[in-house]
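Residue numbers (full-length UniProt numbering), protein chains in the order written: chain A, 1 to 283; chain B, 1 to 283; chain C, 1 to 283; chain D, 1 to 283. Ideal Cβ placement from N, Cα and C applies to all residues, glycine included. Written out below as structure tokens is the structure these notes cover.
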């Protein structure tokens, strides 16, 4: 049995669901999941559909027919994923190790349907963890004077390993515009605050100073505007006057781990669609 | 413009969504919301659909055609609601006033698309609140020796006011089997624990004794088995060793208020379907 | 039996707790609650203590002795409250009714140990609710051209009713600097966002536009800087792409109600201390 | 600078705090944290105190004096911990790897002030993870016919490594009464439900069947009554009709990881006191 996921968005029109579900029926697919959303303000229709095929289907052919009929009729943007083909994820890290341990632990425990062909870091500190989990580790320094060269190295590595998406697991460096455009909507960052509160550096210190009663973490796609990209997932935890900045940081680590792990899972299972700098997340 | 809500469940089969959405298109409806769920274990299909009709539709005719075609073809159980027709809710109370104040406050603030034609109570204590909000109040004592008479009185009142569903806002008496069967899937209770933990009497005392770190409240449909009916909504709050039983009760009041209000809203907006003693809640 | 609450803050020094608890023992008080906090960065000590007195105590005398001994020795800022004396709260409202219903409902249900001698509003819309709950209602228009006069009227009313603290239950007007200074640390506002995200007007619209996955509400003391005062309580709820701005507003109402009610309870039970634009909240 | 933690409980009496804080002052300690709790029903006083000593203190002598004066006067149960001496934790596992990866990841990241001298398992499956993190792994089969022998082996290993407390990281076997009594209040379990709901086997399946809207996890001390020991920490997550049992299990893994990690942290930092089958947790 083969499983596919179909993601669609297009201008909202009458008859889209009927057309798509009829098509899937016609090609002998059995719909196991369907969720749709209409952005009424923007008049945009979104749909996520999963289907099983008991008889081995010729997916290349199915895609071609879909493209030439339904997709054309409704001017759709669409993606078609075969579940068995795992997306390839690159991890970018610096010196913080908690997200790295967490992701590699979950990956090793079989909780993520992905491959992790490599880790890239601007420091060598976390190489032992990569070794421990047997993942190739590349040290690509990112000092001001060598940014262009670093970018070239990063891109070469990503292409060599045919990377589909990048996760910044507390990678404390800027991503260059070129890399962002190469991996548009495919670079996931974890920011250690409840965005849009406390963007930029040292959010836990700012949160402590402001006296908030709740801190958060935010996972979002990277765009050229720092901490302004489409939000995938957020979560929060309570703090109080008894907590120091160090406590905020410690509690925050738990949030960062969990929120980033959820975002990776959602993205890799093709549950996130992006439109108008926001996300539609089909749970 | 008129709005309708269509709820459907039936054996899962190919082509249901296509058939229903095509039907709505054909009768000039514009689908503004569609959500569906397949219970894979039970092989049951559930669907909730909202549609707008710009041209005044002859709903009686639409329903007849739907019944004779789609509903028949797929052996559907289905309900068809016109949004403008508000469901009529009866409130049953005893002596606790916090849920009553909350519901009447929300109702007065225009947050609930219902009518509240009457309040029934086994005590007279809360009559002043009913008066304050100008809702007819009926005192129907429910002592052991007069249960049958009380049940008759209750049913007569519910029929007189053409009540669609009943909310037990901390009504501390048993609902008779006859009343339950008359209002099957239409009696909502709030239980002051995180069911199935602590069913029955004095759950806060039991929770305190057990030393839990979290307490909850549960809103569910009433069935003949006490606290065993389909759960609509639950929520929780943290407690700690510094909290006394009195604190549990006070914190619990907030939970009870909120959870019951959400359940009323979900039920009255036709977002809840019941199957196999569980609920499908379309948010 | 009489109960008192003692709030203290001063420079952190050795022996404070020993001195205070010894003093309470000496005057025949039985400590039923003690919590303390040291702000290590600022080197400030905070303490909240509750004590029962079985024998009727001469509190005026107790206070004098405390002032002339312990408080003087440690250069303390301190407050001494007798539990039976309920604080008097004024409600300021405009046109939104959900917080007003909620507060008056809780008050009527006996959940708040306060008095509510009056409601002040810049509109007449909510007068019927005040009437319904039998609370004097004063219409004090606050147009640009009559601000000074309005401020005078407000202050006269607050003094006439010997008001201790003010709650802005979605009061959509500015509080004048004079009123803020008269009621320093005694004016509580509810802001309908997770501060410091989305200060100012229309936070739900901004949150929707930014595509956040969680919205919040914040109760804080009013200072001259808009939405910058010490935070008393915050809470959040999840939202998703299926929620419209109208949904944000509806879900937000529940947050606003609950967060404001908690802040009122904490403040009125003398559980909040303010220092350095932050709060110490003793639960 | 040296840091100590003092835990006390005794019958509630006047003057305890004053006596203890005076004592710490006298021995030149600087109190950095003090929290206390009175169980009014049971008339028991609990206290947790942290103190710094700038001048190297003779702790043996301090303890002797404390024992012979304050502790004796008030008939105290007490514990005195020097922060630099890390507690030694043994991990018991079976076949589930998610908690093991999480704990070893946090430990390696320096988030836990403990030592982990060994892992004991009734299966060999997780040995590679122990190797990966360089922790000695002992395979102690626990079949019915060899329980006594297994118990002897377990106890011998625990004694050899001078283990202070045991964590059952989804160890799916019974702990023998002898081991429980040897490590009374020092064996921590993670149960994959919101206790007391769904004790025993297959709680996610039961939760799914009951149709709950929230699932939980509970970390508690092991006593002879299965899943009845004092609760240290609980947490929950939302589920809905779209979630299968497999989803419950996956979401539950995240809860189990987090709740167990918090319990380990609280226990190892001496923040938990046990009384009357409940815990006092000083955050």
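*Which residues in the same chain have their Cβ closer than 6 Å to the Cβ of residue 168 of chain D, if we skip the five residues on either side of it in sequence?*
Taking the fourth chain and counting its residues from 1, one reaches residue 168 of chain D at position 168. Excluding sequence neighbours, residue 168 of chain D sits near 92, 189.
*Inter-residue CB distance, residue 14 of chain B and residue 75 of chain B (contact presumed, cutoff 8 Å)*: To locate residue 14 of chain B, count along the second chain from 1; it is residue 14. To locate residue 75 of chain B, count along the second chain from 1; it is residue 75. About 14 Å; that fails the 8 Å criterion.
*So residue 28 of chain B and residue 59 of chain B are in contact, right, with Cβ under 8 Å, and what is the actual spacing, rounded?*
Indexing the second chain from 1 puts residue 28 of chain B at position 28. Indexing the second chain from 1 puts residue 59 of chain B at position 59. Incorrect: roughly 12 Å between the Cβ atoms, too far for contact.
*Helix, strand or coil for residue 52 of chain C, going by three-state DSSP, please let me know.*
Within the third chain, residue 52 of chain C is the residue found at index 52, counting from 1. Strand.
*Answer yes or no: does any C-beta atom of chain C fall closer than 9 Å to that of residue 172 of chain B?*
For this step, residue 172 of chain B is matched to residue 172 along the second chain. No, residue 172 of chain B lies away from the interface with chain C (no Cβ there is under 9 Å from its Cβ).
*asked:* Contact criterion: CB-CB distance below 9 Å. Does residue 210 of chain B meet it with respect to chain D?
replied: By 1-based counting over the second chain, the position of residue 210 of chain B is 210. Yes, its Cβ sits closer than 9 Å to a Cβ of chain D.
*Which bits of chain A does residue 98 of chain D rub up against, with CB to CB less than 8 Å?*
Start at 1 with the first residue of the fourth chain, and residue 98 of chain D comes out as number 98. In chain order: 105, 106, 109, 111.
_the segment 128 to 158 of chain C: positions lying closer than 7 Å to chain G by Cβ_ = Included in the structure are the protein chains A, B, C and D, with no chain G among them.
*In the DSSP assignment, what residue or residues form a beta bridge with residue 8 of chain C?*
Within the third chain, residue 8 of chain C is the residue found at index 8, counting from 1. Answer is C:47, C:78, bridged to residue 8 of chain C.
*What are the residues of the segment 4 to 25 of chain A that lie near chain B, defined by any Cβ-Cβ distance shorter than 7 Å?*
14, 15, 17, 18, 21, 22, 25
_Amino acids of chain A, ordered along the chain, whose beta-carbon sits closer than 8 Å to that of residue 279 of chain C_ = Here residue 279 of chain C refers to the residue found at position 279 of the third chain. Within chain A, the residues near residue 279 of chain C are 211, 241.
*residue 234 of chain C: first and last residue of the uninterrupted beta strand (DSSP E) it sits in*: Here residue 234 of chain C is taken as the residue at index 234 of the third chain, counted from 1. Element bounds for residue 234 of chain C: 231 to 238.
_Checking 9 Å against the spacing of the C-beta atoms, do residue 194 of chain D and residue 214 of chain B come in under that value?_
Mapped onto the fourth chain, residue 194 of chain D falls at position 194. Mapped onto the second chain, residue 214 of chain B falls at position 214. In this structure, residue 214 of chain B lies closer than 9 Å to residue 194 of chain D by Cβ.
*For residue 110 of chain D, count neighbouring Cβ atoms within 10 angstroms of its own Cβ and tell me buried if that reaches 16, exposed if not.*
In the fourth chain, counting from the first residue as 1, residue 110 of chain D sits at position 110. Label assigned to residue 110 of chain D: exposed.
*For residue 147 of chain A and residue 62 of chain D, the rounded distance between their alpha carbons*: The count along the fourth chain starts at 1 and reaches residue 62 of chain D at position 62. The count along the first chain starts at 1 and reaches residue 147 of chain A at position 147. Taking the straight line from one Cα to the other gives about 59 Å.
*For residue 35 of chain A: DSSP bridge partner residues*: For the purposes of this step, residue 35 of chain A is identified with residue 35 of the first chain, where counting begins at 1. Note: residue 35 of chain A sits in a beta bridge opposite A:48, B:35.
*Output the boundary residues of the beta strand (DSSP E) element that contains residue 117 of chain C.*
Working through the third chain from its first residue, we reach residue 117 of chain C at position 117. First-last of the beta strand (DSSP E) with residue 117 of chain C: 115 to 121.
_Taking 9 Å as the threshold (beta carbon to beta carbon), is residue 227 of chain B in contact with chain C?_
One-based indexing of the second chain puts residue 227 of chain B at position 227. Not one chain C Cβ lies under 9 Å of residue 227 of chain B.
*Where do the ends of the alpha helix (DSSP H) carrying residue 219 of chain D lie?*
To locate residue 219 of chain D, count along the fourth chain from 1; it is residue 219. Segment 214 to 221 is the beta strand (DSSP E) holding residue 219 of chain D; no alpha helix (DSSP H) there.
*Would you mind reading off the limits of the beta strand (DSSP E) that contains residue 284 of chain C?*
Examination of residue 284 of chain C is not possible in this model, given that chain C is present from 1 through 283 alone.
*asked:* Counting C-beta neighbours from all protein chains within 10 Å, is the total for residue 47 of chain B 16 or more, i.e. buried, or is it exposed?
replied: Reading the second chain from its first residue, position 47 is the one you call residue 47 of chain B. Under this definition residue 47 of chain B is a buried residue.
*What does residue 115 of chain D reach in chain B if we use C-beta pairs closer than 8 Å?*
As a position in the fourth chain, residue 115 of chain D is number 115, starting the count at 1. Ordered by position in chain B, no residue passes the 8 Å Cβ test against residue 115 of chain D, which lies about 27 Å from the chain.
*Beta-carbon of residue 36 of chain A versus every beta-carbon of chain B: anything under 9 Å?*
For the purposes of this step, residue 36 of chain A is identified with residue 36 of the first chain, where counting begins at 1. Closer than 9 Å: yes.
*If we count the other Cβ atoms within 10 Å of its Cβ and call it buried at 16 or more, is residue 224 of chain C buried or exposed?*
Against the third chain, residue 224 of chain C aligns to sequence position 224. Flag for residue 224 of chain C reads exposed.
_Check for me: the beta strand (DSSP E) holding residue 189 of chain D runs from which residue to which?_
The residue given as residue 189 of chain D occupies position 189 in the fourth chain. First-last of the beta strand (DSSP E) with residue 189 of chain D: 187 to 191.
*Provide the residue span of the alpha helix (DSSP H) that contains residue 172 of chain D, from first to last.*
Translated into positions along the fourth chain, residue 172 of chain D becomes position 172. Careful: residue 172 of chain D lies outside any alpha helix (DSSP H) and carries neither H nor E.
*Cβ shell of residue 141 of chain A (< 7 Å), same chain only, five flanking positions each side left out*: Your numbering for residue 141 of chain A matches position 141 in the first chain. Excluding its 5 nearest sequence neighbours in each direction, residue 141 of chain A has C-beta neighbours in its own chain below 7 Å: 122, 150, listed in chain order.
*Straight-line Cα distance separating residue 102 of chain B from residue 94 of chain B*: As a working mapping, residue 94 of chain B is identified with position 94 in the second chain. As a working mapping, residue 102 of chain B is identified with position 102 in the second chain. Taking the straight line joining both Cα atoms gives about 15 Å.
*When the cut-off is 9 Å and only beta carbons count, does residue 40 of chain D lie next to chain C?*
The residue you call residue 40 of chain D lines up with position 40 of the fourth chain. Yes, contact with chain C.
*Using 10 angstroms around the beta-carbon of residue 166 of chain B, count the other beta-carbons present and answer buried if the total reaches 16, otherwise exposed.*
Against the second chain, residue 166 of chain B aligns to sequence position 166. Result: buried.
*Tell me whether residue 107 of chain D counts as near the ligand FMN, meaning its Cβ is closer than 8 Å to at least one heavy atom of that ligand.*
The ligand FMN is absent from the structure shown, which contains no ligands of any kind.
*What do you reckon, are the CB atoms on residue 164 of chain A and residue 129 of chain A nearer than 9 Å?*
Here residue 164 of chain A corresponds to residue number 164 of the first chain, with the count starting at 1. Here residue 129 of chain A corresponds to residue number 129 of the first chain, with the count starting at 1. In this structure, residue 129 of chain A does not lie closer than 9 Å to residue 164 of chain A by Cβ.
*Inter-stretch contact at 8 Å, needing at least 3 Cβ pairs: the segment 193 to 212 of chain B / the segment 175 to 184 of chain B*: Fewer than three pairs of CB atoms, one per stretch, sit closer than 8 Å, so the segment 193 to 212 of chain B makes no contact with the segment 175 to 184 of chain B.
*Alpha carbon to alpha carbon, how far is residue 31 of chain B from residue 25 of chain B?*
In the second chain, the residue the question calls residue 31 of chain B occupies position 31. In the second chain, the residue the question calls residue 25 of chain B occupies position 25. Going by the C-alpha atoms only, they are around 8 Å apart.
*Residue environment, residue 40 of chain D, which counts as buried when at least 16 other CB atoms sit within 10 Å*: As a working mapping, residue 40 of chain D is identified with position 40 in the fourth chain. Burial call: exposed.
*In the segment 185 to 208 of chain A, which residues sit with their C-beta less than 7 Å from some C-beta in chain C, listed in chain order?*
194, 196, 197
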